[in-house]
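Trainee:
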Amino acid sequence: MSQFVLLPYEYPFSGANSKPHATARLTVGGKARNFVLKIHEGTLYFKEPARSQIFVVLDEFDADLARDSIGLVSRWQQQVAQNNYGAFVTKRDYFPKIPVRAQILMVLNADGSGWMKEHFDSQWFLMPDEKAAPLDIWNDKEVEAQIRERLFPVQRQLINRALTPEILTAESPRWLAEDGDRITELLVAATRLFVPPSDYWNDAERRILKIKSHSTFAKGDIEGYWLKHAQHNLKFKQFWDILETHIQFVGIRWSEGGENLEQYGRRRNEKVFQAGLEKWGHLWRGNWGPQRASFKIELPDTTNQTAHERMEAALTLREWLNGKIPAGEIESFFSQ
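Residues in the sequence shown are numbered consecutively from 397, following my numbering.
This is the structure in structure tokens:
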């Protein structure tokens, strides 16, 4: 069965299943097409397997239909026959005149009407009708052009509100397998055992790794050239391949006062910012910048490490590897 990853909701370690809830074939948009269907929070999304463009039916769907593919396809066909669907687009962009980003979701209907929300909103809102115009939603270029025309009024409307306190904690950064302290302990141990000393790579700044979280805003990654250097050592690379699957860091960090100005190279428009605070208070949407979370790991200088430090490192790795791989493979890490 074809895969259907629904961004921005379904990202690595989000717990989502990439399989669609149903498959179907239907003549729509002037041709017969194959589709995959998926329900998320009562909304039905569908797409052609070979195309990136997603379409959506905003009618409320029962979650139980995810387990009833025949019933789901029947409901979907009824909605499509009534032209009750639109093109679904996500845009991660700044709000006007302030360095605060949003993950904005929009639905464009063929008659020019539309719906919008941010990724955390439970309800869809009517899109401002400025720049609205009928379009062929099966034409990707027309959809993209219409989105560009309508993005500014959508941004302007979504920022003109206050958040609820619950939104700021709903997606807090968290570890789903080993926690950050344990990951740090294991990487320090592997460094002591496997990575040869190097004057260049023992520089304090070069021995820092930053693990960025997976979230609705972006895929997580690991910053730090040191990791590529360390993987030149075969045993470290083998250990890293095992450890990497346990690095499951997810969530969003909300920063009051907006996002880091230096990071994005945009100056805040103080007049706009102060007006928003005066109207909505400190929970004004423009006062909060959601970003991937970051976890910093400082790796050891191995130039003058002691025999005791290496022994403790070996014990740490043996203990953790026990039960994860065969005993013979564990011993191969410590053989000369």
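Even for Gly, the Cβ is constructed at its ideal location relative to N, Cα and C.
#1: Terminal residues of the continuous alpha helix (DSSP H) containing P735?
#2: So for A723, helix, strand or coil by DSSP?
#3: Is R557 helix, strand or coil by DSSP?
#4: Counting only the same chain and skipping the five closest in sequence on each side, list residues whose C-beta sits under 7 Å from that of V476.
#5: How far does the alpha helix (DSSP H) with M707 in it extend, from its first residue to its last?
#6: Take G680 as the anchor and find which of R557, G508, E526, P416 has the nearest alpha-carbon.
#7: Since I563 sits in a beta bridge, which residues does DSSP pair it with?
#8: Going along the chain, which residues of its own chain have a beta-carbon closer than 7 Å to the beta-carbon of D455, five neighbours each way excluded?
#9: Please work out which residues of its chain come closer than 6 Å, Cβ to Cβ, to S414, disregarding the five sequence neighbours upstream and downstream, and give them in chain order.
#10: Fully enclosed by the segment 467-523, which beta strand (DSSP E) runs are 3 residues long or longer?
#11: Tell me the start and end of each unbroken alpha helix (DSSP H) in the segment 559-614 that is at least 4 residues and wholly inside, in chain order.
#12: From V503 to A483, what does the alpha carbon distance come to, in whole angstroms?
#13: Measure the alpha-carbon distance for S470 versus E574 and round it to whole angstroms.
#14: G661 by DSSP, collapsed to three states: which one?
#15: Report the rounded CA-to-CA distance for Y407 versus I607, giving the unit in angstroms.
#16: Classify P416 as helix, strand or coil using the three-state DSSP reduction.
#17: Apply the 10 Å Cβ neighbour rule to Q659 and answer buried if 16 or more other Cβ atoms are within range, or exposed otherwise.
#18: Among all the DSSP beta bridges, which residues are the ones paired with N430?
#19: How many Å lie between K633 and A723 at the Cα?
#20: So L605 packs on G616, CB below 8 Å; how close in whole Å?
#21: In three-state DSSP terms, what is S410?
#22: Starting from K692, follow its DSSP beta bridges and name the residues at the other end.
#23: Just reading off the alpha helix (DSSP H) that F635 is part of, what are its end residues?
#24: Can you tell me which of K720, W534, E562 puts its alpha carbon nearest to the alpha carbon of R447?
Mentor: Quick look at the numbers:
#1: An answer regarding residue 735 cannot be provided, because it is not within the stretch 397 to 732 covered by the chain.
#2: In the structure shown, A723 adopts helical secondary structure according to DSSP, grouped into three states.
#3: coil
#4: L422, V424
#5: Start and end: 703-717.
#6: Checking the displayed sequence, the identity of residue 680 turns out to be Trp instead of Gly. Among R557, G508, E526, P416, the Cα nearest to that of W680 is on R557.
#7: DSSP, once it has assigned bridges, lists no residue as partnering I563.
#8: Counting only Cβ-Cβ distances below 7 Å, and skipping sequence neighbours, we find Q475, N480.
#9: Q399, V401
#10: With a minimum length of 3 residues, the continuous beta strand (DSSP E) runs that stay inside the segment 467-523 are 482-490, 497-505, 510-514.
#11: 563-566, 576-590
#12: The straight-line gap from Cα to Cα measures roughly 5 Å.
#13: 43 Å
#14: Any reading at G661 is ruled out, since the residue's pLDDT is 47, under 50, leaving its predicted position unreliable.
#15: 16 Å
#16: coil
#17: Residue placement at Q659 cannot be trusted, given a pLDDT of 49 that sits under 50; what the coordinates show is reported in the next sentence. Classification for Q659: exposed.
#18: N430 is bridged to R421.
#19: 18 Å
#20: Actually they are not in contact, since the Cβ atoms of L605 and G616 sit about 13 Å apart, beyond 8 Å.
#21: coil
#22: K606
#23: Where F635 is concerned, the enclosing alpha helix (DSSP H) stretches over 630-639.
#24: W534
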